[in-house]
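Scroll down for the structure; my scribbles are underneath it.
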Amino acid sequence: MHVVQSTPAASKMATYRQLHEQMSALFVGERNGLANAANMSALLYEALPNLNWVGFYFLEGRELVLGPFQGKVACVRIALGQGVCGTAAEGRETVVVPDVHAFPGHIACDAASRSEIVVPLIQNGRLLGVLDLDSPQLARFDHEDRAGLITAVDLLLLHTDFTRIADAAA
Ligand code: SME
-19 MHVVQSTPAA
-9 SKMATYRQLH
1 EQMSALFVGE
11 RNGLANAANM
21 SALLYEALPN
31 LNWVGFYFLE
41 GRELVLGPFQ
51 GKVACVRIAL
61 GQGVCGTAAE
71 GRETVVVPDV
81 HAFPGHIACD
91 AASRSEIVVP
101 LIQNGRLLGV
111 LDLDSPQLAR
121 FDHEDRAGLI
131 TAVDLLLLHT
141 DFTRIADAAA
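Next up, the structure:
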């Protein structure tokens, strides 16, 4: 399968546009939450430059539990309100951290990580988990990444049934 590769010539927005088209094609006819999240993490890891971790955490009670990912072995459980992931989940807001060392309570899974973005997964008003991306580069994620990744999560949620892999907090 052809996977979009970002090149210096391609603008960030063009890369995200291609990524969104590719995701829509990938999800047609498939609503399995584990399969779609796994393919999405692989696609993002390959298509976006300067990443060292991409993956999902799904809500189980008051904790986020590790889901499909690409990158090094990661911590398995994160309490709501803890770290960047728990903060984004609890606040139901995308969190962009330009320097993880300056974020109080940041949970370091890979010592190489320097910046991070976490997008909450909210379907029909219910919190299901988060998408987390880490980079070894300081301030890797800007407003274009924020918008591109929120749209990517929206596409995933539109096409996918998560009832068997995540609790949902109303
Ligand atoms: N840094 C995250 C933990 C997850 S790993 O980056 C994969 C956090 O502070 O929540």
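Heads up, the sequence shown is in our numbering, so the first residue is -19 and it goes up one at a time. Beta carbons are placed, not taken as given, at the ideal position from N, Cα and C, and that holds for glycine.
Please confirm whether Ile102 has its beta-carbon closer than 9 Å to some beta-carbon of chain C.
Of the protein chains in this structure there is only one, and it is not chain C.
Pull up the distance between the alpha-carbon of Thr143 and that of Asp79, whole angstroms please.
Locating residue 143 in the sequence shown gives position 163, where the first residue counts as 1. Locating residue 79 in the sequence shown gives position 99, where the first residue counts as 1. Those two C-alpha atoms are separated by around 34 Å.
Cut-off 6 Å between Cβ atoms - residues of its own chain near Phe38, not counting five sequence neighbours on either side
As a first step, residue 38 must be located in the sequence shown, where it is residue number 58. Counting only Cβ-Cβ distances below 6 Å, and skipping sequence neighbours, we find Val45, Gly47, Gly109, Ile145, Ala146.
Using only the heavy atoms of the ligand SME, determine whether one of them is closer than 8 Å to the beta carbon of Val64.
Against the sequence shown, residue 64 aligns to sequence position 84. Yes - the ligand SME has a heavy atom lying nearer than 8 Å to the Cβ of Val64.
Please determine, among Ala119, Gly13, Leu28, the residue with the shortest C-alpha to C-alpha distance to Phe36.
Translated into the one-based positions of the sequence shown, residue 36 becomes position 56. Phe36 has its Cα closest to that of Gly13, out of Ala119, Gly13, Leu28.
Using only CA atoms, which one of His0, Gly66, Phe49 lies nearest to Arg57?
In the sequence shown, residue 57 corresponds to position 77, counting from 1. When only C-alpha atoms are compared, the closest one is Gly66.
Between the Cα of Ala5 and the Cα atoms of Asp141, Ala148, Ala150, Ala132, which residue gives the shortest distance?
On the sequence shown, residue 5 is found 25 positions in, with the first residue counted as 1. Cα-wise, what sits closest to Ala5 is Ala132.
Boundaries of the beta strand (DSSP E) in which Gln103 is found, first to last residue
In the sequence shown, residue 103 corresponds to position 123, counting from 1. Per DSSP, Gln103 belongs to the beta strand (DSSP E) from 95 to 103.
Return yes when at least one heavy atom of the ligand SME lies under 8 Å from the C-beta of Val76, else no.
Position 96 of the sequence shown, counting from 1, holds the residue named residue 76. Checking every heavy atom of the ligand SME against the Cβ of Val76, none is found closer than 8 Å.
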